Every structure is written in C-alpha cells, then in structure tokens.
Amino acid sequence: GEVFIHQAIETIEFVLGMVSNTASYLRLWALSLAHSELATVFWEKAMLSTINSDSFIAIFIGFAVFAATTFGVILSMDVLECFLHALRLHWVEFQNKFYKADGYKFHPFSFKQTIKDSQQP
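In the numbering used here, the protein residues as written are 1134 to 1254.
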C-alpha cells in the first residue's frame, strides 16, 4: 500500500512538472512568434511602402526606419528571450532537480572575523 501511494505521488509530481515545462516553453514560442510577426510588419510598412518610390531619399529614409526599428525592437526582444530562457533553465530546471537546501546558514567572508577566529586558542 505504501509503495502504491508513493508511486501515485511521484506520478502526479511528474505530470505537474511536464505541464509546467510545457507552459514555460510555450512562453518562449510566443516570443518567437511575436518576433516573426513584428519583423514582417516592419518589413511591409517601412520598406515595401518606400521601395517603389522614385525618390532615393524616400528609399533611404524607409530603410533607415526599417533598420532602426528592427534593430531596436527585435534585438530587445531577442535579448529578453535569451535571458528568460537562461533564467528558466537555471532557476526552474536546475533548482528543482539538483539543489537541496539542507546545508548551513550562509555567512559572508570577512577578514576581521577570520583574523579574530585564528587568534582564539
């Protein structure tokens, strides 16, 4: 009976972990989808609207707007996406699988305390 209950609890924890990981990856997928759609919108609105123009200045300004928005917005989203993915891997995955808080209380290093401890008999 005890083994069955233990296995049932382990199964529930495993399923909840799988759902949690799937939701986490879905957030990353949503950022990728937004990145793709924004790139398409920037291309259509900034470049395609000016590329058929007869004016070289209009084409240059259109390209400058396209380059600036693409570089600024999409690069920011990519940096955010990479940061969130790394944070998810370190915090959620690593902490849940390997980290156990069964150590001792953290005391920051102090030269004064080290010298004081070494001078005591």
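We put the beta carbon where it would ideally sit given N, CA and C, even for glycine. Here the structure is a predicted model, which is why all the values come from computation and not from measurement.
Residue 1242 - containing alpha helix (DSSP H), residue span: From DSSP, residue 1242 is part of no alpha helix (DSSP H); its letter is neither H nor E.
Start-to-end residues for the alpha helix (DSSP H) that takes in residue 1236: Per DSSP, residue 1236 is not a residue of any alpha helix (DSSP H), being assigned neither H nor E.
7 Å Cβ cutoff met for residue 1179 and residue 1206: Judged by beta-carbon spacing, residue 1206 lies beyond the 7 Å limit of residue 1179, meaning their Cβ atoms are not closer than that value.
Residue span of the alpha helix (DSSP H) that contains residue 1191, given as start and end: Residues 1189-1202.
First and last residue of the uninterrupted alpha helix (DSSP H) at residue 1145: Note, residue 1145: alpha helix (DSSP H), 1135-1175.
At least 3 beta-carbon pairs within less than 8 Å: the stretch 1136-1152 vs the stretch 1162-1180: No, the stretch 1136-1152 does not touch the stretch 1162-1180.
Residue 1236 classed as buried or exposed, judged by whether at least 16 other C-beta atoms fall within 10 angstroms: Taking every protein chain shown into account, the CB of residue 1236 has fewer than 16 other CB atoms within 10 angstroms, so this residue is exposed.
Neighbourhood of residue 1217 by C-beta, 8 Å cutoff - its chain only, sequence neighbours within 5 removed: Cβ neighbours of residue 1217 beyond the five flanking positions: 1160, 1161, 1164.
Beta-carbon proximity check, residue 1203 vs residue 1191, cutoff 7 Å: Cβ atoms of residue 1203 and residue 1191: not closer than 7 Å.
Given residue 1225 as reference, the closest of 1254, 1248, 1150, 1200 once Cα atoms are compared: Among 1254, 1248, 1150, 1200, the Cα nearest to that of residue 1225 belongs to 1150.
Three-state secondary structure (DSSP) of residue 1229: When secondary structure is reduced to three states using DSSP, residue 1229 falls in the helix class.
Residue 1101 - DSSP class collapsed to helix/strand/coil: With the chain covering 1134 to 1254 only, the question about residue 1101 has no answer from this structure.
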